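Here the structure is laid out as structure tokens; the discussion comes afterwards.
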Amino acid sequence: MHRTAPLVRTLAYSMTLAFVAVLGGQSQAVSMSNGAVVADPDEAPWMVALTIPTREGTPPTERLKCGGVLIAPDKVLTAGHCAVTPDSFSVDPAVPPRPMSPRSVEVVRANRDLNSPQAQIRKVVSVFVDPDFHLLASQFEPHDPSRAAARHDLAVLVLDRGFGDPKAVIPLTAVLPDPGARARVYGHGLTPSGDISDDLLRGSLTLISNQDCDAQTFVEVKYIGATCAQTTVLPELSVQVGFGDSGGPLVVKGKDGSDVLVGVVSFGTETSARVFAFGFNAFADVASGRGFIAQHAPEAVWA
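Residue numbers (mature numbering (1 follows the signal peptide of the UniProt record, and there is no 0)): -29 to -1, 1 to 274.
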């Protein structure tokens, strides 16, 4: 584990939504023994990290901004709130979201260890944010955008060149799976101990109904292009998304046993309770965002 630098941590808290597990009532970094586990090597070849370009030699874990997922060799799907300028990251309806400069982010693809010398890095040449994206002020902290929910929380990044590995692209689901479907979420995000995970973490979740999700938050998820998943075991074994995991993939197994993308991390219980509280995890639903995604990544495969 590497402690994030103060500047990067502040940005992560203000612009992104870490796997956590709470063991015995004390917050601890996620490990193999509780809510999430270290992913196997090559388990998620389509997983990428969005990092902040900075001086040479600073490891990616100290520059982590968000997660993302490859939907074409040179196209990354991530959360809309990961891809807007800081001055338009606002809950004010009068402030329209504006795409960030492509120069303000780079994309890192690692086998599992984000700091691996073998990690591949790509520059971003274009940023497209869903035109219907906007933050929705939380009733818990109405003036804090880092506690906000989001509608149509999607963005597509175009890279300067593709990743050559054909396994590095995931198909997207055209139809949202039914509640009860088992899913997995991936990320390097901030843990309660304040650390970013070098290793990619995997958490097991179960899709829940819109009604069950609505009961835990202040929005009606079907109207904001979102779906929810939650841990169905004891709260002390909970997997909750958090700061740094935004834009990372929620994945299910398709009919042929291959991985299929359901959504990307959008927001969690920090919108209605303390950060990392047990409960729902909300994901921008790729099926409802198909029109936007297809416009900017027409080569994406739908399953």
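For glycine and all other residues, C-beta sits at the position ideal for the given N, C-alpha and C.
In this text, all values refer to a predicted model and were calculated from it rather than measured experimentally.
Taking 7 Å as the limit between beta carbons, can you name the residues of its chain near residue i, skipping five residues before and five after?
i           : result
residue 86  : 30, 31, 32 and 169
residue 118 : 109, 111, 112, 241 and 242
residue 27  : none
residue 3   : Only weak support is given to the placement of residue 3: the predicted model assigns it a pLDDT of 24, under 50, and the value that follows is read from those uncertain coordinates. If we look at residue 3 and ignore the five residues flanking it on each side, its Cβ neighbours are 9.
residue 150 : 178, 179 and 180
Please report the distance separating the alpha-carbon of residue i from that of residue j.
i           : j           : result
residue 35  : residue 179 : 29 Å
residue 61  : residue 123 : 15 Å
residue 229 : residue 244 : 35 Å
residue 38  : residue 186 : 27 Å
residue 92  : residue 188 : 37 Å
residue 81  : residue 197 : 28 Å
residue 115 : residue 42  : 31 Å
residue -1  : residue 167 : Residue confidence for residue -1 is low, a pLDDT of 28 falling below 50, so the modelled location carries little weight; the figure read from the coordinates is stated next. In a straight line, the C-alpha of residue -1 is about 9 Å away from that of residue 167.
residue 58  : residue 50  : 17 Å
residue 63  : residue 102 : 16 Å
residue 225 : residue 68  : 34 Å
residue 271 : residue 204 : 34 Å
residue 264 : residue 257 : 8 Å
residue 260 : residue 269 : 13 Å
residue 156 : residue 208 : 15 Å
residue -6  : residue 154 : Low per-residue confidence applies at residue -6: pLDDT is 27, beneath 50, and the placement is therefore not dependable, though the value from the model is reported in the following sentence. Spanning the two alpha carbons is a distance of roughly 25 Å.
residue 19  : residue 139 : 10 Å
residue 22  : residue 95  : 11 Å
residue 147 : residue 88  : 37 Å
residue 52  : residue 125 : 8 Å
residue 279 : residue 267 : No statement about residue 279 is possible, as the shown extent of the chain runs from -29 to 274 and does not include it.
residue 136 : residue 227 : 21 Å
residue 72  : residue 236 : 22 Å
Write down the C-beta distance between residue i and residue j rounded to the nearest angstrom, noting that I regard them as a contact closer than 8 Å.
i           : j           : result
residue 171 : residue 83  : 5 Å
residue 90  : residue 79  : 5 Å
residue 47  : residue 40  : 7 Å
residue 44  : residue 104 : Residue 44 to residue 104, Cβ: 25 Å. No contact.
Looking only at its own chain, which residues have a Cβ that is under 6 Å from the Cβ of residue i, when we skip the five neighbours before and after it?
i           : result
residue 120 : 107, 190, 238 and 242
residue 193 : 181
residue 152 : 178 and 223
residue 25  : 34
residue 251 : 184, 187, 199 and 201
Relative to the C-alpha of residue i, which residue among the options is closest?
i           : options               : result
residue 212 : 224, 176, 226 and 188 : 176
residue 97  : 88, 70, 116 and 114   : 70
residue 234 : 226, 270 and 217      : 217
residue 131 : 77, 165 and 99        : 77
residue 262 : 143, 153 and 8        : 143
residue 128 : 74, 155, 136 and 88   : 74
residue 182 : 153, 253, 209 and 158 : 253
residue 249 : 174, 215, 11 and 201  : 201
residue 145 : 267, 273, 165 and 9   : 273
residue 14  : 173, 125 and 165      : 173
residue 11  : 100, 255 and 158      : 158
residue 195 : 236, 251 and 255      : 255
For residue i, which residues in the same chain have their Cβ closer than 8 Å to its Cβ, ignoring the five residues on either side in sequence?
i           : result
residue 141 : 17, 40, 41, 42, 220, 222, 230, 231 and 232
Beta strand (DSSP E) runs wholly inside the region 188 to 255, at least 3 long, in chain order: 197 to 201, 220 to 224 and 230 to 239
3 or more residues per run - each beta strand (DSSP E) lying fully within the region 97 to 183: 105 to 107, 120 to 122, 126 to 130, 153 to 158 and 172 to 179
Sequence ranges, alpha helix (DSSP H) only - wholly within the region 26 to 89, length at least 4: none
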